[in-house]
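The structure appears right after this line, and notes come after that.
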Amino acid sequence: MTRFAPLSLLALLSGLGFGAGLGLGPAAAFELGTGVDVISDPQTRIEALHRLYIGHEIGPGLSFGQSVYSAAKGDAGGAFFWGVEAVKMMPVSGPLSATAGLFLGGGGGAAQVVGDGFMTRAHVGLRYAASERLGYELGASWVKITGADIEDPAVSLGLSYNFGVVHPSEEAVAPGFGALKLRGVSLRAGAVAARGANRTGAAQADLGLFGAEGAFSIGPGREVFLAADGAAKGGEGYMQILAGGRQRWATGPVGLFVEGGLGFGGGGEVDTGAGGLLSLGAGVAVPVAPWADVEFALGGVASAGEYKGAQASVRLVRVFARDPGATAPGGGQKWAYTLGVAMQDPNPGFRKPGVTATARPILQESSVDMFLTERSYISGTAQTALGGDVAGYAIGLLGLGYEMPLGGRWYGSLEAQLGAAGGGGVNANGGLIGGARVELDYALNESARLSFALGKLTHLKSGAGMAPTTAQIGVKFPFTTR
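Using this note's numbering, the letters of the sequence shown map in sequence onto residues 1313 to 1794.
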C-alpha cells in the first residue's frame, strides 16, 4: 500500500488549527488518543491495530476528528487505514466515564486486503480520568474491513490526553487543558541506507523518503512532533508515522538538536515485521529567515522486522515561534482544511498486468492549504481507498496553488501537484506521480465552503502506468491562526 506522503500529515494536524476556525476560541479543546485493538480471533496476519486519533471538541463531551489505524501485531507491517472518527464521553461517577465511538475510513496493505478496503470500527468503553488531562480506557470494539477476513470483536486498551492548542502569539489556555504551542511545520526529505532483507527475501533497497512534520513547543528548547513520510524511491508503497521529542540548544548562528521517535511503518515489500519503528538522530538548524530554518540530521532507524539502517534527512521549516514565549511574525497564518470524496476515471494502463478489476476508484480525501501570501499556498493531500476494488491504494500529494475570488460567494483555484501513489493493484510505475487540478468553491458562510475539483494525475516515469482523470467534492473550512 502506498502512502499519503508529502505534506499529508498536515491534513491530520490541520485539525488542530481547524478548531479555531469553528469558533472554539484561541485555545480550543482537543483530544489526542492512542491505543490498541487486539482482535479476538484473527484470520489474517493483522492480529491487532494501533490507533492514533486527533479530534476537537464540537459539543459537550463530543469530539470529531481523524484517525489512522495501523497493524500492531502479527506480520502485517504496512497495513494502514485512514478516516474520520467521532467520540462521545458520558460521565458515570466521579472520574469514571462511559465512551462510545465510530470510525469510518479505508485502506489496506501487507497483502491482507483485497477489493474495496472500507473499514468500520464501533467502540464502547470505560475511561478513568487519572488527571484533568490524562485518561485510561478499557473497552470493546467491533472491527470490519471489507475485502479482508476481519469482522470481529476486539479488546481495546487506550490512553487519552486532553489539551489546548494555541498559536504562539496567543497566550490564553482553555480551562482544564494544557497548552501546546505550534512551533513550526516542515517538509522533510530523507535517505535510508537500508540493511536486511525485504519481504521477498531479496536485499532491501535504499529508501528515498519525502514527508511532513508538525512540531509543538512544550518548554524552553523542548518540543514534541508528529511526522509522516512515504517512499519516493526504493520501496513503492512504504509509509511511516512517527511521534517523538526533540531537544534544542542555541549555539550562536546555528542551533543543535537531538531527537527520537517511535511509530509504525511498512508497505512496499519493506519488512517491518509487525510494524514498530524506532528512530534516533541529531543535527543542526540553520536560520535562513526570521520565519524559516533549514535543518540537517543524521541518525538511524530500526524496525520490528528485518528493516534497519542509517539515515540522513533535510527539513525546510516554517517557524512560527523559536521558543514558547515568542510571538509569530505578521498578522496571522491563513489555512484551509478540506474533507471530501474523490473519484478516478482509470486510463487503459491504470492497473498492473493481470489485474482484471475495472471499477472506478472511490477515495476519501483530506487536505490542508497553508497560505504563503494572501492568494498563493502550498497544499498537502491524503487519499485512501473506500471502494472500487483498489484496497490499499493511497495517494499523497504536495501542491502549489493560487486562489482567486471570482465574485460574490465564488472562489477559484489552480494547483500543480507532486507526490507518491501505489498499492491496490494500481500501476504507479515506481510511485512518483504529478498532476494538476482546478477547484471551484462556493462559500456557504465565512467558515465553510462547498468545494468541487477536476484534475489529472499521471506517473512520471517512462512506460505504461496510471494516468486517471480525477474529480473531487468536499467541504472546505478556511481559518486563520494568529
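All C-beta atoms in this analysis are idealised placements derived from N, C-alpha and C, irrespective of residue type, glycine included.
Given a cut-off of 8 Å, decide if residue 1770 and residue 1746 are closer than it, judged by their beta-carbon atoms. yes
With a threshold of 16 other CB atoms inside 10 Å of the CB of residue 1765, please say whether the residue is buried or exposed. buried
Among 1727, 1715 and 1685, nearest to residue 1692 - alpha-carbon criterion: 1727
How far does the beta strand (DSSP E) with residue 1553 in it reach, from first residue to last? 1551 to 1562
Using the beta-carbon count (16 or more within 10 Å), is residue 1352 buried or exposed? exposed
Simplified DSSP state of residue 1654, which is helix, strand or coil: strand
Length of the line joining the Cα atoms of residue 1435 and residue 1600: 47 Å
Apart from the five residues just before and just after residue 1597, which ones in its own chain have a Cβ nearer than 6 Å to its Cβ? 1567, 1605 and 1607
Any contact of the segment 1418 to 1428 with the segment 1464 to 1476, i.e. 3+ C-beta pairs under 8 Å? no
Go ahead and pull the three-state DSSP assignment for residue 1662. coil
Local Cβ density within 10 Å of residue 1551, reported as buried at 16 or more and exposed below that: buried
Where do the N-terminal and C-terminal ends of the beta strand (DSSP E) with residue 1708 fall, by residue? 1706 to 1719
DSSP state of residue 1483 mapped onto helix, strand, coil: Residue confidence is low: residue 1483 scores 45 on pLDDT, short of 50, so the model does not pin down where it sits. Its coordinate-derived value is still stated next. In this structure, residue 1483 counts as coil in the three-state DSSP scheme.
Helix, strand or coil: which one does DSSP assign to residue 1355? coil
Give me the Cα-Cα distance between residue 1790 and residue 1355, rounded to the nearest whole angstrom. 44 Å
Where does the unbroken beta strand (DSSP E) through residue 1510 begin, and where does it stop? Where residue 1510 is concerned, there is no enclosing beta strand (DSSP E), given that its DSSP letter is neither H nor E.
Euclidean distance between Cα positions of residue 1419 and residue 1696: 6 Å
Closer than 6 Å by C-beta to residue 1447: which residues in its own chain qualify, once you throw out the five before and the five after it? Chain order, please. 1439, 1441 and 1472
Report back the beta-carbon spacing between residue 1572 and residue 1592 to the nearest angstrom; my notes put them in contact at under 8 Å. 5 Å
Residue 1795 to residue 1686 span [Cα, whole Å]: Residue 1795 is absent from the structure shown; the chain starts at 1313 and stops at 1794.
Counting beta carbon pairs with one atom in the segment 1395 to 1414 and one in the segment 1626 to 1633, are three or more of them shorter than 8 Å? no
Own chain residues within Cβ distance below 7 Å of residue 1373, not counting five before or after: 1400, 1401 and 1402
Output needed for residue 1772: all residues of its chain with C-beta closer than 7 Å, excluding positions within five of it in sequence on either side, in chain order. 1744, 1745 and 1746
Nearest residue (CA-CA) to residue 1584, options 1563, 1617, 1602 and 1564: 1617
Contacts around residue 1357, its chain only, beta-carbon distance under 7 Å, and the 5 residues preceding and following it disregarded: 1386, 1387, 1388, 1422 and 1424
8 Å contact criterion, which residue 1654 and residue 1760 should meet: CB distance rounded: So it is not a contact: roughly 19 Å between Cβ atoms.
So, under 8 Å CB-CB, residue 1793 and residue 1647 are touching, yes? Tell me the CB distance rounded to an integer number of Å. 7 Å
Cβ pair residue 1690, residue 1709 closer than 8 Å: no
How would you write the range of the beta strand (DSSP E) that residue 1583 sits in, first residue to last? No beta strand (DSSP E) holds residue 1583; DSSP gives it neither H nor E.
How about residue 1651 and residue 1502: are their beta carbons less than 8 Å apart? no
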